[in-house]
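Colleague: Mind looking over this structure? Questions follow.
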Amino acid sequence: MKAARTVFERDGYLDTRLTDITREAQCAAGSFYTYFANKEEVLAAVLLEAQEDMMHPGMGRVQGTDDPHVVLEASNRAYLEAYKRNAKLMGLLEQVAQVEPEFREFRRRRADAFIRRNARGIADLQARGVADREVDPMMASRALSGMVSVMAYNAFVLGERQEEGAPVDLEELVSTVTRLWANALRFPGHR
Numbered sequence: 415m416k417a418a419r420t421v422f423e424r425d426g427y428l429d430t431r432l433t434d435i436t437r438e439a440q441c442a443a444g445s446f447y448t449y450f451a452n453k454e455e456v457l458a459a460v461l462l463e464a465q466e467d468m469m470h471p472g473m474g475r476v477q478g479t480d481d482p483h484v485v486l487e488a489s490n491r492a493y494l495e496a497y498k499r500n501a502k503l504m505g506l507l508e509q510v511a512q513v514e515p516e517f518r519e520f521r522r523r524r525a526d527a528f529i530r531r532n533a534r535g536i537a538d539l540q541a542r543g544v545a546d547r548e549v550d551p552m553m554a555s556r557a558l559s560g561m562v563s564v565m566a567y568n569a570f571v572l573g574e575r576q577e578e579g580a581p582v583d584l585e586e587l588v589s590t591v592t593r594l595w596a597n598a599l600r601f602p603g604h605r
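Counting along the sequence shown from 1, when you hit position 175 you're at 589 in the working numbering, and nothing is skipped either side.
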């Protein structure tokens with residue numbers, strides 16, 4: 415898996431050959447087939463590992479506060495840091511999803527997992543009286559999750575730059591997406 419990730423990140427999906435992976439892993443080609451049937455299967459396994467990192471980036475509970483803005487900011491930071499760690503794979507996923515139906519479905523399921531988790535969080539905030547009860551949690555989650563995902567893709571995959579030419583600053587990105595989330599959901603005291 416480690417060798418496959420290295421080769422996919424270095425060479426891209428189309429230019430990766432199984433012999434490149436086995437050479438990187440320092441194993442015989444036959445050993446590859448003990449674990450995987452083909453290149454698609456090993457890429458799916460690598461992407462699944464990256465998804466786990468992004469869904470559960472090790473943030474843990476934010477200690478000493480029940481302030482939803484603080485929790486939201488920590489969640490956004492953990493997600494964006496995980497996205498940055500996995501940026502090359504996220505770029506590959508976008509690329510391969512355009513031509514391979516099983517990866518398109520993987521991408522859809524991945525996005526849906528984030529959207530559903532965030533919708534549950536929004537519904538919880540609404541029940542606590544912290545978030546605007548007039549918005550549909552699922553629709554709000556689709557919009558806000560999509561915003562963060564596209565911002566991460568642009569910053570970490572495409573290498574989008576700030577107006578002065580510097581790379582996008584992680585702290586500024588975290589602050590901006592958190593503020594937009596909080597404003598969209600009408601968190602009290604965070605406008």
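Idealized CB from N, CA, C, for every residue including glycine.
Note that the structure is a prediction, hence the values are computed from the model and not measured.
Please state whether the Cβ-Cβ distance between Met468 and Asn500 is less than 8 Å.
Modeller: In contact: Met468 and Asn500 (Cβ atoms closer than 8 Å).
Colleague: Alpha carbon to alpha carbon, what distance is there between Gly444 and Leu584?
Modeller: For Leu584 and Gly444, the distance between alpha carbons rounds to 43 Å.
Colleague: Do Val460 and Leu503 have their CB atoms nearer than 8 Å?
Modeller: Against a cut-off of 8 Å, the Cβ pair of Leu503 and Val460 comes out as a contact.
Colleague: If you check the beta carbons only, do Glu446 and Leu432 fall under 8 Å apart?
Modeller: It should be noted that the sequence gives Phe, not Glu, for residue 446. Cβ distance < 8 Å, so Phe446 and Leu432 count as in contact.
Colleague: Is the shortest distance between the beta-carbon of Met553 and the beta-carbons of chain B less than 8 Å?
Modeller: Of the protein chains in the structure, only one exists, and it is not chain B.
Colleague: Quick check on Thr448: buried or exposed, where buried means 16 or more other Cβ atoms within 10 Å of its Cβ?
Modeller: Thr448 is exposed by the Cβ-count criterion.
Colleague: Going straight from the alpha carbon of Leu539 to that of Arg547, what length do you get?
Modeller: C-alpha separation (whole angstroms): 9 Å.
Colleague: Whose CA, out of Tyr493, Asp480, Val485, lies closest to the CA of Pro471?
Modeller: Of the listed residues, the one whose Cα sits closest to Pro471 is Tyr493.
Colleague: Can you give the Cα-Cα distance for Trp595 and Arg556, rounded to whole angstroms?
Modeller: The alpha-carbon atoms of Trp595 and Arg556 are separated by roughly 12 Å.
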